[in-house]
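Okay, structure first, notes after.
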Amino acid sequence: VRYLNPAADHDSPHAEAAMLLAEIYADPASPVRNDSLAFHYFQAAAEKGSPGAFYHCGFMRMNGIGTEKNQQSALEYLSAAAKQGNAEAAFLCGEIEAQAGHPQKSISHYRQAADSNHAGAIRKFSAMAIGGQGMKADPELGIRYLKKLGTRSEISDLEQLAALHESGIGPVKADLPEAIRYYTAAAEKGSVKSQVRLAQIYHAMGQDDKAKQWAQTAAEAKNPEAVLLLAELRKNTSSDLNRQEESLRYLRELADSGNRDAMRKLGLLLYRENKLAEAEKYLKIFEADQEPEMMYLLGDIAVRRTDGKTDYNRAFRLLSRAAEAGLVKALIPLGRLYHRGEGVRQDFRRALVFYRQAAEKQDPEGMFLTGLMFYNGEGISPDYAEAYRWFLQAAEKGNALAMQYLSIMYKEGIGVPKNNQEAARWRRKAAGSKK
Numbered sequence: 016v017r018y019l020n021p022a023a024d025h026d027s028p029h030a031e032a033a034m035l036l037a038e039i040y041a042d043p044a045s046p047v048r049n050d051s052l053a054f055h056y057f058q059a060a061a062e063k064g065s066p067g068a069f070y071h072c073g074f075m076r077m078n079g080i081g082t083e084k085n086q087q088s089a090l091e092y093l094s095a096a097a098k099q100g101n102a103e104a105a106f107l108c109g110e111i112e113a114q115a116g117h118p119q120k121s122i123s124h125y126r127q128a129a130d131s132n133h134a135g136a137i138r139k140f141s142a143m144a145i146g147g148q149g150m151k152a153d154p155e156l157g158i159r160y161l162k163k164l165g166t167r168s169e170i171s172d173l174e175q176l177a178a179l180h181e182s183g184i185g186p187v188k189a190d191l192p193e194a195i196r197y198y199t200a201a202a203e204k205g206s207v208k209s210q211v212r213l214a215q216i217y218h219a220m221g222q223d224d225k226a227k228q229w230a231q232t233a234a235e236a237k238n239p240e241a242v243l244l245l246a247e248l249r250k251n252t253s254s255d256l257n258r259q260e261e262s263l264r265y266l267r268e269l270a271d272s273g274n275r276d277a278m279r280k281l282g283l284l285l286y287r288e289n290k291l292a293e294a295e296k297y298l299k300i301f302e303a304d305q306e307p308e309m310m311y312l313l314g315d316i317a318v319r320r321t322d323g324k325t326d327y328n329r330a331f332r333l334l335s336r337a338a339e340a341g342l343v344k345a346l347i348p349l350g351r352l353y354h355r356g357e358g359v360r361q362d363f364r365r366a367l368v369f370y371r372q373a374a375e376k377q378d379p380e381g382m383f384l385t386g387l388m389f390y391n392g393e394g395i396s397p398d399y400a401e402a403y404r405w406f407l408q409a410a411e412k413g414n415a416l417a418m419q420y421l422s423i424m425y426k427e428g429i430g431v432p433k434n435n436q437e438a439a440r441w442r443r444k445a446a447g448s449k450k
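Just so you know, we're using this note's numbering here: the sequence shown kicks off at 16 and counts up by one.
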């Protein structure tokens with residue numbers, strides 16, 4: 016400092032001496048750091064046209080370091096530096112113009128910096144070209160610039176390129192192989208979002224081995240979508256039971272954390288495995304949603320639980336709501352509750368009403384049960400002709416019990432003339448349908 020001061024403080028300052036002094040005073044590690052003096056000497060060097068001095072003056076003016084904050088003055092210094100080929104200065108000019116609400120001015124600065132491979136400028140210019148900010152939208156140009164990042168691409172850049180190629184935009188047509196290439200690059204850098212998307216894409220393409228690979232990777236990061244997809248991919252796979260247990264463990268952890276999608280998925284899996292008490296634990300939260308299918312499932316669980324906690328009153332309430340909402344498969348179990356007097360006073364007529372509603376919706380079991388009520392005279396006088404009509408409709412839809420009753424009716428001549436040949440035919444069909 017002692018030797019440089021005379022040259023820098025001369026009436027006609029030496030540009031190099033002024034720059035060296037400025038850098039000493041600006042250095043955070045310098046024992047004589049002084050931002051005001053740093054700006055003073057950078058300014059002196061700039062007045063002598065020293066390369067780099069304009070940038071420092073602009074940066075310090077822009078951020079109020081060692082001098083008052085003044086964006087217009089900063090822009091003037093930075094513009095001069097940009098003309099000398101300083102890419103960072105050009106980028107900062109773009110930032111100042113953008114903050115001032117001048118997108119058309121900012122874009123020329125961003126492009127200048129982008130043409131010098133400034134990463135931040137490439138991202139800004141690309142986004143503006145794709146979105147049509149400050150210029151006519153040109154997705155092709157924006158994508159071309161974004162690809163200039165090459166190995167400097169961050170995960171967000173790769174994800175953006177992948178999404179643009181997957182969907183296509185403007186004149187840029189969708190290109191799934193290219194999208195997969197960028198998703199893979201992002202996934203390999205640790206993007207869970209891209210790992211999930213790859214799993215979804217490969218699953219849609221029927222390449223489930225690759226789908227499982229990426230879903231597994233994302234599931235290990237506790238991603239809800241990946242956990243759910245992995246459970247779906249492995250649910251019908253018997254070749255790797257350990258893997259199934261692993262995906263179920265991920266799903267259970269996610270469900271236990273309160274994720275509603277996981278709770279629904281796990282509850283339905285447990286329901287299908289007839290683990291009803293555990294299924295109810297995860298599904299009961301959905302009762303408040305008034306979804307007909309869920310009310311039916313919870314009602315069915317309440318009827319069929321085998322742990323001594325059968326609750327017919329709850330079953331009746333839930334199945335009634337599901338039936339009122341138009342869910343056909345709730346009609347028969349609701350009819351059975353009336354038929355047996357479980358959770359409600361026994362009422363054969365009401366049971367017949369629900370069986371018949373199911374029958375009229377072309378449900379084979381509903382047809383059979385309606386015929387059975389007429390056959391046995393429950394809730395109505397016996398009517399064998401009506402019983403035959405409903406048994407025949409159910410049998411034609413493959414109901415084996417209805418076939419057996421038709422065989423009996425023909426053999427005994429109940430509601431129809433005796434006909435041993437028809438009786439034998441229906442008996443054979445019933446036996447065949449059970450195989």
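Every residue gets a Cβ at the ideal spot worked out from N, C-alpha and C, and that includes glycine.
Review point. From what residue to what residue does the alpha helix (DSSP H) around Lys344 run?
Key: Walking along the sequence shown from the start, residue 344 turns up at place 329. Premise fails: Lys344 is in no alpha helix (DSSP H) and is neither H nor E.
**Study point:** For Ala68 and Ile137, the rounded distance between their alpha carbons
**Key:** Stepping through the sequence shown from its first residue, residue 137 is reached at position 122. Stepping through the sequence shown from its first residue, residue 68 is reached at position 53. Using only the alpha carbons, I get a separation of about 25 Å.
Point to revise | Environment of Pro192 [buried if 16+ CB atoms lie within 10 Å] | key: As a first step, residue 192 is located in the sequence shown; it is residue number 177 there, counting from the start. Counting other Cβ atoms within 10 Å of its Cβ, Pro192 stays below 16 and is therefore classed as exposed.
**Study point:** Ranges of the alpha helix (DSSP H) found wholly within the region 49-110, counting only runs of at least 4
**Key:** 50-62, 68-78 and 86-98
Check your understanding: Does the separation of the CB atoms of Val242 and Tyr217 fall below 7 Å?
Key -> Working through the sequence shown from its first residue, we reach residue 242 at position 227. Working through the sequence shown from its first residue, we reach residue 217 at position 202. 7 Å or more divides the Cβ of Val242 from the Cβ of Tyr217.
Point to revise | Val242, DSSP secondary structure in three states | key: Reading the sequence shown from its first residue, position 227 is the one you call residue 242. Helix, per DSSP.
Exercise for review: Compute the Euclidean distance between the alpha carbons of Ala200 and Ala270, then round it to the nearest angstrom.
Suggested key: For the purposes of this step, residue 200 is identified with residue 185 of the sequence shown, where counting begins at 1. For the purposes of this step, residue 270 is identified with residue 255 of the sequence shown, where counting begins at 1. Their Cα atoms are separated by approximately 31 Å.
Check your understanding: Is the region 176-194 close to the region 146-159, with three or more CB pairs under 8 Å?
Key -> By the C-beta criterion, the region 176-194 is judged to be in contact with the region 146-159, since at least 3 inter-stretch pairs fall below 8 Å.
Review point. What do you reckon, are the CB atoms on Leu90 and Ala104 nearer than 7 Å?
Key: For the purposes of this step, residue 90 is taken as the residue at position 75 of the sequence shown. For the purposes of this step, residue 104 is taken as the residue at position 89 of the sequence shown. No. Outside cutoff.
Review point. Using the beta-carbon count (16 or more within 10 Å), is Gly381 buried or exposed?
Key: Translated into the one-based positions of the sequence shown, residue 381 becomes position 366. So Gly381 counts as buried.
Review point. Should Gly221 be labelled buried (16 or more other beta-carbon atoms within 10 Å of its own) or exposed?
Key: Here residue 221 refers to the residue found at position 206 when the sequence shown is read from its first residue. Result: exposed.
Practice item. Using only alpha-carbon positions, find the residue among Ala102, Cys108, Asn101 and Lys98 that is nearest to Ser88. Key: Residue 88 sits at position 73 when you count from the first residue of the sequence shown. For the residues Ala102, Cys108, Asn101 and Lys98, the minimum Cα distance to Ser88 belongs to Cys108.
Check your understanding: Does DSSP put Ile184 in a helix, in a strand, or in coil?
Key -> Counting from one through the sequence shown, the residue named residue 184 turns up at place 169. The answer is strand: DSSP assigns Ile184 an E or B state.
Practice item. Check whether the Cβ of Val343 lies closer than 6 Å to any heavy atom of the ligand SAM, and answer yes or no. Key: Of ligands this structure carries none, so the ligand SAM is not represented either.
**Study point:** Where Gln222 sits in the DSSP three-state scheme
**Key:** On the sequence shown, position 207 is the one that residue 222 refers to. The answer is coil: DSSP assigns Gln222 none of H, G, I, E or B.
Check your understanding: How about Asn289 and Pro239: are their beta carbons less than 7 Å apart?
Key -> Here residue 289 refers to the residue found at position 274 when the sequence shown is read from its first residue. Here residue 239 refers to the residue found at position 224 when the sequence shown is read from its first residue. No; because the gap between Cβ atoms is not below 7 Å, this pair is not in contact.
Check your understanding: Pro307: buried (16+ other C-beta within 10 angstroms of its C-beta) or exposed?
Key -> Locating residue 307 in the sequence shown gives position 292, where the first residue counts as 1. Result: buried.
**Study point:** Of the listed residues Leu283, Lys63, Thr232 and Ser272, nearest to Ala214 (C-alpha basis)
**Key:** For the purposes of this step, residue 214 is identified with residue 199 of the sequence shown, where counting begins at 1. Comparing Cα positions, the closest option is Thr232.
**Study point:** Check whether Ala33 and Ala53 have beta carbons under 7 Å apart
**Key:** As a position in the sequence shown, residue 33 is number 18, starting the count at 1. As a position in the sequence shown, residue 53 is number 38, starting the count at 1. Against a cut-off of 7 Å, the Cβ pair of Ala53 and Ala33 comes out as no contact.
Practice item. Enumerate, from N- to C-terminal direction, the unbroken alpha helix (DSSP H) stretches of 4 or more residues contained entirely within the region 364-423. Key: 379-391 and 399-411
Review point. Tell me which same chain residues have a C-beta within less than 7 Å of the C-beta of Tyr403, skipping the five on either side of it?
Key: The count along the sequence shown starts at 1 and reaches residue 403 at position 388. For Tyr403, same chain residues with a beta-carbon under 7 Å away, outside a window of 5 residues either side, are Met424, Gly430 and Val431 in chain order.
**Study point:** Helix, strand or coil at Gly282 according to DSSP, with G and I counted as helix
**Key:** What you label residue 282 is simply residue 267 of the sequence shown in a count that begins at 1. In the structure shown, Gly282 sits in a helix (DSSP, three-state: H, G or I).
Review point. Helix or strand or just coil, what does DSSP make of Met310?
Key: Along the sequence shown, read from residue 1 onward, the residue named residue 310 stands at position 295. Note: Met310 maps to helix in three-state DSSP.
Review point. For Val47, does the count of other Cβ atoms within 10 angstroms reach 16, so buried, or fall short, so exposed?
Key: Along the sequence shown, one-based indexing puts residue 47 at 32. Burial call: exposed.
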